[in-house]
Amino acid sequence: MSKTNLLDRRAVVSHLLANRKGAIAVGGLGASTYDIAAAGDNDRNFYLWGAMGGAVMIGLGLALAQPKLPVVVITGDGEMLMGMGSLATVGLQQPGNLSIIVLDNECYGETGGQVSHTASTADLVGIARACGIADARAMTTMAEVEVFAPSLQDIAAGPRFASVKIDGANLERVLSNRDATFIVNRLRGSLGFQPI
Numbered sequence: 448m449s450k451t452n453l454l455d456r457r458a459v460v461s462h463l464l465a466n467r468k469g470a471i472a473v474g475g476l477g478a479s480t481y482d483i484a485a486a487g488d489n490d491r492n493f494y495l496w497g498a499m500g501g502a503v504m505i506g507l508g509l510a511l512a513q514p515k516l517p518v519v520v521i522t523g524d525g526e527m528l529m530g531m532g533s534l535a536t537v538g539l540q541q542p543g544n545l546s547i548i549v550l551d552n553e554c555y556g557e558t559g560g561q562v563s564h565t566a567s568t569a570d571l572v573g574i575a576r577a578c579g580i581a582d583a584r585a586m587t588t589m590a591e592v593e594v595f596a597p598s599l600q601d602i603a604a605g606p607r608f609a610s611v612k613i614d615g616a617n618l619e620r621v622l623s624n625r626d627a628t629f630i631v632n633r634l635r636g637s638l639g640f641q642p643i
């Protein structure tokens, strides 16, 4: 695909979360967290300000603990490459309510924009399928994102995995609250649990 025809990351995330209803959204390190915040702060946004490579495992834990709620992990290709083993655990556990979206700009945006492995040999969709995630797809158009978005509400047919090719624009950071205790307690409260 031509580098000039890649999707706008904020438009993709905004569309995916537009009709989220009660879904929990887990943001990976860096830009994906800013993208989720830009789409609108929400009590069910779980922002990861660190823990690179951990977004999918956090999402898996939430999906297993809350099987009646959709859980959407939105992360980048660099973090997914770092936490690739998590896909094997998702494939083993088969949580029907978990969706994993990788915003793939083919670079390590948080460390200076070095070219990532997805620009050449690493096929994240193929890896997800090989790990047992049958619904794994690549998306390069907004039409594909629009068709995919309603499936995020399905809590029975997952897990699902999508790699979305996005542009490499360096967008303004949209910062939410960075206090980890606040973020955890806000999510717990929205699920009916007492603060920790």
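Heads up, the sequence shown is in the working numbering, so the first residue is 448 and it goes up one at a time.
Think of the CB as a built atom: it goes at the ideal place given N, C-alpha and C, for glycine as much as any other residue.
Note that the structure is predicted; figures quoted are calculated from it, not measured.
What residue does the beta strand (DSSP E) around residue i start on, and which one ends it?
i: M586; result: D582 to M586
i: S567; result: It is not in any beta strand (DSSP E) - S567 carries neither H nor E in the DSSP assignment.
i: R607; result: R607 to K612
i: S546; result: L545 to D551
i: I521; result: V518 to G523
For residue i, which residues from the same chain have a beta carbon less than 7 Å from its beta carbon, with the 5 sequence-adjacent residues on both sides left out?
i: H564; result: L528
i: S637; result: D490 and R491
Leaving out five residues before and five after residue i in sequence, what residues of the same chain have Cβ atoms less than 6 Å from its Cβ?
i: F629; result: none
i: S584; result: What sits at residue 584 in the sequence shown is Arg, not Ser. For R584, where only same-chain residues beyond five positions count, the Cβ hits under 6 Å are A609.
i: S449; result: Unreliable positioning characterises S449 in this predicted model, as indicated by a pLDDT of 44, which lies under 50. A coordinate reading is not provided.
i: C578; result: L534, A535 and G538
i: Q600; result: P517
Where do the N-terminal and C-terminal ends of the alpha helix (DSSP H) with residue i fall, by residue?
i: A472; result: Taken as a continuous stretch (DSSP letters only), A472 belongs to no alpha helix (DSSP H), being part of the beta strand (DSSP E) at I471 to G474.
i: G506; result: A502 to A512
i: F595; result: M589 to F595
i: R633; result: A627 to S637
i: L534; result: G532 to Q540
Within the same chain, show all residues whose beta-carbon is closer than 8 Å to that of residue i, passing over the 5 residues directly before and after it, in chain order.
i: D455; result: I613, D614 and A616
i: I602; result: P514, K515, L516, P517, G543 and N544
Who are residue i's beta bridge partners in DSSP?
i: F493; result: V473
i: L453; result: According to DSSP, which records beta bridges pairwise, L453 is partnered with nothing at all.
Out of the options, which one is the CA nearest neighbour of residue i?
i: S623; options: G477, L464 and A512; result: G477
i: L534; options: G605, V621, I580 and T588; result: I580
i: Y494; options: G469, T522, G508 and D582; result: T522
i: Y481; options: R467, D490, L638 and W496; result: W496
i: S546; options: G532, S567, T568 and A575; result: A575
i: D490; options: A458, A465, G469 and G475; result: G469
i: M531; options: A512, V631 and G573; result: G573
Would you mind giving the Cβ-Cβ distance between residue i and residue j, rounded to the nearest angstrom? I have them listed as a contact below 8 Å.
i: V473; j: V549; result: Actually they do not touch by this definition, with Cβ atoms about 13 Å apart.
i: M504; j: E526; result: Not confirmed; about 11 Å, so no contact.
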